[in-house]
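Read through the structure below, which is laid out as C-alpha cells, and then see the notes.
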Amino acid sequence: MYNEIVARHFMDPMNVGELASPDETVRIGNAVCGDTIIMHLALEEGRITDVKYRAYGCAVSIATASIASEYFTGKELKELRGLADAELAALLGDLEPNQKHCVDIMLELRERACASVQGVSGR
Amino acid sequence: MSGETYFDHNATSELDEQVRLAMIDSMGTFGNPSSRHDYGTTAKTVVSEARDAVARFIGCAPEDVKFTSGGSESNNWAIKGLLEACGSKGKAHLITTVIEHPSVLQVCQYLERTGQAEVTYLPVDEAGAISLAKLEAAVRPDTRLITMMMANNEIGTIQPIREAALLARRRGILMHTDAVQAAGKLPLDVRQLGVDALSMSAHKFGGPKGVGALYLRPGVELEPLIHGGGQEFGLRSGTENVIGLAGFGKAAALLDRAKLEAQLAHWSKLKRLMVARLAERVPDCRVNGPAGGTEALPNTINIGIAGIRGESLAAYIGVKHGAAVSVGSACSATKQASLSHVLRAIGRSEDEIRSAVRISLGPSTTEAGVERLCGQIAEAAAHLRSVAAVGAV
C-alpha cells in the first residue's frame, strides 16, 4: 500500500516547520485533491541551505514534501535544475497508480524552487 | 492480521468460525443440486437448508428467497427486473434517493441514459434522512417503483422503509429496499416492512463473499435475470454456489433475534463511548450524519476532523497500529476527486469530506478496542496537525 520510503517519511516527516526569514516561499496546491504544501527556502550563493515546510494532504503528498526537503537541502540550484524528472521521481520509490500524482508534486516543488531561486540569483 | 484492529465491518465482516467450518464441510458435497441421484440430492439439501435459514432470518417463506451473487446483483436485478415485468416497456418513473449505493444509483442512471425510465432522486436532510412528504410529492401517475436503502453504509442513517412501503402500496407502486447494510445489524421482517423486494448480502454479517439474496413478495412479477436451466424458480439459471450457500445459510442461522438484540445493545454502548472519547480527546472532531433524534445503525460512526485528511489519518493508524478504518475521500489514478456522494448530500463541504473517516464496529469489537482506537486517532490527529499547512504559515 505504501512503500517503505513513503511510509518512513510520512510517519516521521523531516524538516517540518517554518523558517524565521525565508529567502523564498514556494506554495503549491492541487485544487482537485486539496493537497497544499508551503515550503520555505534559505539560499546562499546559488545553494539551498535550509528547507522547512508545512503540508496538508494524503500520506504520499506529506511524504513527498519530506523527501523533497531532505533532498533539496544543500543542493546547488544548477544541479537540482539539471536533474532528470525520472531521477526525482525515483526518490519516492514505487508508487501505486492513485499515488502517482505525487510525482507531479515533487516535480512542481523542484520547478518552483528553481524558478524562485533563479529570480533571487538574477538580482 | 488481527480482528481486534479491524473497524471496517461495513465494508465486509470477518468470516464466522462456524460459517467457515460449514463451508469446509460442504466441500465434500460435489453433486449438482439439479441432478436426480443421491449426489445431487445431498447438494440440493445444502441449498434448501440455506434457503430455509435465510427465509427465517427475514421472516418469509423459503420460496420467496432467490439466491444471487451478492448485494449489487440483487439491486440491479430488482430494479431492472421489476420495471420490466410490470410492463413498463416505454418510459416508467421511479423514485430513489441521492444517497443510495452505486449499485442502485448507476442502474438508475443507466435506465435514464437508455430512455427506459425517468428518475426522481429524493434529497436527504443533514442526518441523511428522506422526508416522507417529499416522497409522496414525488409520486406521479406513471411511477412504477420506489427503491430506497434501509440503512446507509457510510453514515448509518435508517430510512422509514415501512412507511414508504405503505405509501407505495396505497398508490399501487412497487417498493424495493437495499437492505445490504441493514442485514445483520437490524432485525429484518419483510412482512412487517411490507416491501415487495429486498436485497441482502452474506458477507456483511459473517458469511462469505459472492453470495446474496433477493426477497420477492409472493405474487410480484420479476423478469428472469439469467435464462437457462431454470434454477432459482426459473428466474436465475446457473448451477448453484453450493459452498457459498452453505456459508450464507449458516451465517443467517447463527444470528437469531436474541443474539442480534444483544449485539445491538453492545454496539450502542460502544458507539456512545467512542463519540464521547473522541469529543474529549480530538479537538474539532464532528460527527457526520445522525446524532440524537434520527435513527441510525449502532455500529456506524462517521467523523470529520478539521484540518487533516481522513486518508492520512487512516494511513497513520494503519501503518503504526494496524488499525483499519474507511475514508470519505481518496486519491484516484485519474486525478479526479473521489468524494463521498453521501457526505456531499448531507451538506458537507469538500474539505469536510476529505477529513471524513468511517468507523464500523463488528461482533468482535470490544470496549478496550474502542478505547485503543480513540487513542490512536487522537495521536494521529495531533501528528498530522503538527505537519499541516492550514493556517500555520
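Line order of the protein sequences matches chains A and B. Just so we're aligned, residue 1 is where the first sequence starts under this note's numbering, counting upward by one. Just so we're aligned, residue 1001 is where the second sequence starts under this note's numbering, counting upward by one. Just so it is clear, CB atoms sit at the ideal spot from N, CA and C, and this is done for glycine as well.
Scanning its chain for C-beta atoms nearer than 8 angstroms, with the 5 sequence neighbours on each side dropped, one finds around R1162/B the residues Q1192, L1193, G1194, in chain order. In the structure shown, I1099/B falls within a coil segment according to DSSP collapsed to helix, strand and coil. Interface flag for F10/A against chain B is set, since a Cβ pair is found closer than 8 angstroms. Beta-carbon to beta-carbon, A1164/B and L1186/B are separated by about 16 angstroms, too far to satisfy the 8 angstroms threshold. Exclusion of the five residues before and after N3/A leaves G93, D94 as the residues of its chain whose Cβ lies within less than 6 angstroms of its Cβ. As computed with DSSP, D1189/B is found in no beta bridge at all.
Only exposed fits D1189/B, as fewer than 16 other CB atoms lie within 10 angstroms of its CB. When 8 angstroms is used as the limit between beta carbons, R112/A is near no residue of chain B, the shortest such separation being about 15 angstroms. DSSP places I38/A in the strand class (E or B) of the three-state scheme.
Assignment of L92/A by DSSP, reduced to helix, strand and coil, places it in the coil class. Shortest Cα-Cα distance from E1295/B to any of D1125/B, A1061/B, D1016/B, A1251/B involves D1125/B. Between A1078/B and L1214/B, the gap from beta carbon to beta carbon is short of 8 angstroms. Three or more beta-carbon pairs drawn from the segment 1279-1287 of chain B and the segment 1304-1313 of chain B are found closer than 8 angstroms, and the two stretches are therefore classed as touching. Counting along the chain, the unbroken alpha helix (DSSP H) around K1271/B starts and ends at 1257-1281. Check the Cα spacing between M1175/B and each of V1357/B, L1373/B, L1313/B, L1082/B: the tightest is with L1082/B. Chain B places no beta carbon closer than 8 angstroms to that of V26/A, leaving this residue out of the contacts. Think of a sphere of 9 angstroms around the beta carbon of I67/A: no beta carbon from chain B falls inside it, the nearest being about 14 angstroms out. If you draw a 10 Å sphere on the C-beta of M39/A, you find 16 or more other C-beta atoms in it, and that means buried.
Runs of alpha helix (DSSP H) with 4 or more residues, each lying fully within the segment 1215-1258 of chain B, are found at 1242-1254, listed in chain order. Boundaries of the alpha helix (DSSP H) around A1133/B: 1132-1138. In the three-state DSSP reduction, N30/A falls in the coil class, being neither helix nor strand.
Taking the CA atoms as reference points, A1345/B sits about 13 angstroms from L1105/B. Looking only at T1143/B, D1038/B, L1264/B, S1103/B, the smallest Cα-Cα distance to L1361/B is reached by L1264/B.
A Cβ of chain A is located within less than 8 angstroms of the beta carbon of C1331/B.
In this structure K1080/B is not in contact with G1115/B, their Cβ atoms being roughly 14 angstroms apart against a cut-off of 8 angstroms.
Taking the Cα positions, G1070/B is about 11 angstroms away from D1178/B. Restricted to the segment 1139-1167 of chain B, not a single alpha helix (DSSP H) segment is unbroken, complete and at least 4 residues in length. With a threshold of 8 angstroms between beta carbons, V1319/B makes contact with chain A.
Within the segment 46-78 of chain A, the residues whose Cβ lies closer than 7 angstroms to any Cβ of chain B are, in chain order, R54, A55, Y56, G57, C58, A59, I62. For the segment 1368-1388 of chain B, the residues whose beta carbon sits under 9 angstroms from a beta carbon of chain A are, in order, H1383, L1384, S1386, V1387, A1388. At a Cβ-Cβ threshold of 8 angstroms, N15/A and K52/A count as neighbours. In the same chain as D23/A, and ignoring 5 residues on each side of it, the C-beta atoms closer than 7 angstroms to its own belong to L41, A42, L43, V120, in chain order. The beta carbon of N98/A falls within 8 angstroms of a beta carbon belonging to chain B, placing the residue at that interface. Beta-bridge analysis with DSSP links S1326/B to R1358/B.
Uninterrupted alpha helix (DSSP H) stretches at least 4 residues long and entirely within the segment 1060-1090 of chain B occur at 1071-1085, given in chain order.
By alpha-carbon distance to C1374/B, the top candidate from G1230/B, Y1110/B, A1324/B is A1324/B.
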